[in-house]
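Input: a single structure, listed below in structure tokens.
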Amino acid sequence: MTTAFDPLERLHRALHPLDTPPTGAGWNLEELRDLLPEQTPLRPASVLVALIERGGSQQVLLTRRTEALRHHGGQISFPGGRIEATDADPVAAALREANEEVGLLPGHATPLGYLDPFATITGFHVFPVVARVHPDFIARRDPSEVDEVFEAPLSFLLDPANVRHFDVDYRGRKRSVVEFLYGDYRIWGATAAMLVNLRERLERA
Numbered sequence: 009m010t011t012a013f014d015p016l017e018r019l020h021r022a023l024h025p026l027d028t029p030p031t032g033a034g035w036n037l038e039e040l041r042d043l044l045p046e047q048t049p050l051r052p053a054s055v056l057v058a059l060i061e062r063g064g065s066q067q068v069l070l071t072r073r074t075e076a077l078r079h080h081g082g083q084i085s086f087p088g089g090r091i092e093a094t095d096a097d098p099v100a101a102a103l104r105e106a107n108e109e110v111g112l113l114p115g116h117a118t119p120l121g122y123l124d125p126f127a128t129i130t131g132f133h134v135f136p137v138v139a140r141v142h143p144d145f146i147a148r149r150d151p152s153e154v155d156e157v158f159e160a161p162l163s164f165l166l167d168p169a170n171v172r173h174f175d176v177d178y179r180g181r182k183r184s185v186v187e188f189l190y191g192d193y194r195i196w197g198a199t200a201a202m203l204v205n206l207r208e209r210l211e212r213a
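Under the numbering used here, read the sequence shown as residues 9 to 213, first letter to last.
Next comes the structure, spelled out in structure tokens:
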């Protein structure tokens, strides 16, 4: 089954505008209330959901993090990280992190807007920034943070048939988890949830 709409045609309508970062708690925060320390604010972070045209189709840039990282080691993720005091906004943070992790130059990226904010089990409030990336981009990973850089077809990730929903028992109750199995890659957790958020926003646009 393939998606019945043109995602790029709807993309601008589906995203929060660049000049107005979305406010409020992460859309999934209630699911994590009992897992996060009380009275401890979530730390702001940003990731780059990079879309690249390859051979007439759109690809999504993804990384496999090194096992040694403190947060989400070994997992599939978007380039990104904590928003620093020197970052002008979440877009600047996402572009800086993408430059550090995969060598993306600012001139190769055109930010388009935001998905809904997302809360992570590790205590971050994440702003997902969607951007178009020039097809001339060639990844140059930072081996201290990234073990591998790869691309997955946007059409695959937007197809509901490719999303697996299941429950796991974690810290006393069932938790809902989503994942994509793309080749040898298991895309799950926060990254998979943000991709589902992208599809749902596109469908509503």
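Every residue gets a Cβ at the ideal spot worked out from N, C-alpha and C, and that includes glycine.
Query raised in the report: Going by DSSP, what residues sit across from Trp196 in a beta bridge?
Result: Glu187
Query raised in the report: Any idea if Phe126 is buried or exposed, counting beta-carbon neighbours within 10 angstroms, 16 or more meaning buried?
Result: buried
Query raised in the report: Which of helix, strand or coil does DSSP assign to Leu26?
Result: coil
Query raised in the report: Among Glu38, Val154, Gln83 and Glu156, which has the Cα closest to the Cα of Ser184?
Result: Glu38
**Report entry** Bounding residues of the alpha helix (DSSP H) (the contiguous stretch that carries Ala147)
**Finding:** Here Ala147 belongs to no alpha helix (DSSP H), and DSSP marks it neither H nor E.
Query raised in the report: Would you call Ala198 buried or exposed, if buried means 16 or more other Cβ atoms sit within 10 Å of its Cβ?
Result: buried
Query raised in the report: Can the beta-carbon of Gln67 be found closer than 9 Å to that of Glu159?
Result: yes
Query - The beta strand (DSSP E) enclosing Ser54, as first and last residue numbers - result: Arg51 to Arg62
Query raised in the report: Anyone know if the C-beta pair for Arg72 and Glu187 falls short of 9 Å?
Result: no
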